[in-house]
Amino acid sequence: MGEAPYTPDLFGRADCMAPWNETVTEGVVHLHHYALAKERELAAAIKSVIHVSPLRHMVTPGGFRMSVSTSSCGQAGWITDGAGYRYSSRDPLTGKAWPEMPALFMQLAQSAANEAGYPDFLPDSCLINRYRPGTKMSLHQDKDERNLGQPIVSISLGLPAIFQFGGDERSDKTQRIALMHGDVFVWGGVSRLKYHGILPLKEGSHPIFGANRFNLTFRRAR
Ligand code: SIN
Ligand code: FE2
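Numbering (the working numbering), first residue to last: 4 to 225.
Here it is in C-alpha cells:
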C-alpha cells in the first residue's frame, strides 16, 4: 500500500507542521505549531504595539538591568523598577495607557487556553518579551497577578528556546522543553505557580523575526 504521499497544505507547509497538543503535566499543555498559521499577522501586530510603546530593558528591584527587553499591551502592563514588580495601567516610558490588545492576540490567547482546558480565560495583559542570542530569563514564578485562578498563555515566535519548567521551589528539578516558532505553552491550575525560565538563546536567524525570539505572555493581572 506504500507510503502516504507528501501533501503540503495550501500554503506549501508539510503535514508535520500541523498543530498537535501535548500534556506536559497536570494543568500544563504544549500546543505545538498552534500560532504558526498567524505568524505574519502576529509580526505586524507586535510591530504596531512596539511602535507606540517601545521595547526597553527594565531594571529589577535589585538594580539589575534585564537582558530581555519588554513592552506590553492591554489594560495592565507588567513593569519592574527600584520600587518592585507590579502591573501598571500606564507605560512608564510614554506616561500613557498601554496600546490596546490587538484583536488577534486576544482571539489566539483565548482559543489556545480553551484548547488547553481553560475555557474562561480573559486576559487583561500581554507582555511582549524580546530575546536576542545570549539572552535568558532566570527561574521565577509568575505571582504578581491578583487572579491566580486564570492560566498563563505564552506564544513563542522567531528563534527557538529551551524553556525550563520546574516545581514549587526554585531548587526543584526542571524539565527542559524546546519551544519552537509558533508554539503556545499554557499553564494553570495546580501548576500556575511553578518555577520556569528560559536558557540563554542560541545564535540564529529566523526568516520573519530575524535574530530574535519574541514571546507573548497573556495573563489576567487584576
Ligand atoms: C516568562 O516566563 O516571563 C517568559 C517565558 C518565555 O519567554 O517563554
Ligand atoms: Fe514567567
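Think of the CB as a built atom: it goes at the ideal place given N, C-alpha and C, for glycine as much as any other residue.
These numbers were taken from a predicted model, which means no experiment stands behind them.
In summary, ASP186 is buried, with 16 or more beta-carbon neighbours lying within 10 Å of its beta-carbon over all protein chains present. For the 8 angstroms CB-CB criterion, ARG59 and SER72 form a contact. Its Cα nearest to that of ARG93, the residue GLU103 stands out among ASP175, GLY87, GLU103.
CA-to-CA, the gap between ASP175 and CYS129 works out to about 28 angstroms.
Contact check for ILE158 against ARG43 fails: the beta carbons are separated by 8 angstroms or more. Taken through DSSP and simplified to helix, strand or coil, ASN117 comes out as helix. Counting only residues whose CB is nearer than 6 angstroms to a non-hydrogen atom of ligand 2, the list in chain order is HIS143, ASP145, HIS199. For the alpha helix (DSSP H) assignment, the uninterrupted runs of no fewer than 4 residues enclosed by the segment 82-162 are, from N- to C-terminal side, 106-118. Within the same chain, and ignoring the five residues on either side of VAL55 in sequence, the residues whose Cβ sits closer than 7 angstroms to its Cβ are PRO102.
Closer than 7 angstroms to some heavy atom of ligand 1: that describes the Cβ of SER159. By the beta-carbon neighbour count (other beta carbons within 10 angstroms, threshold 16), LEU219 is buried. Cβ-Cβ separation between GLY169 and LEU151: approximately 17 angstroms, too far for a contact (criterion under 8 angstroms).
The beta carbon of ALA116 lies closer than 7 angstroms to those of PHE124, PRO154, VAL156, VAL189 in the same chain, with the five residues before and after it left out. By the criterion of at least three beta-carbon pairs nearer than 8 angstroms, the segment 75-83 is in contact with the segment 103-112.
For HIS36, same chain residues with a beta-carbon under 8 angstroms away, outside a window of 5 residues either side, are MET20, ALA21, PRO22, TRP23, MET183, GLY185, ASP186 in chain order.
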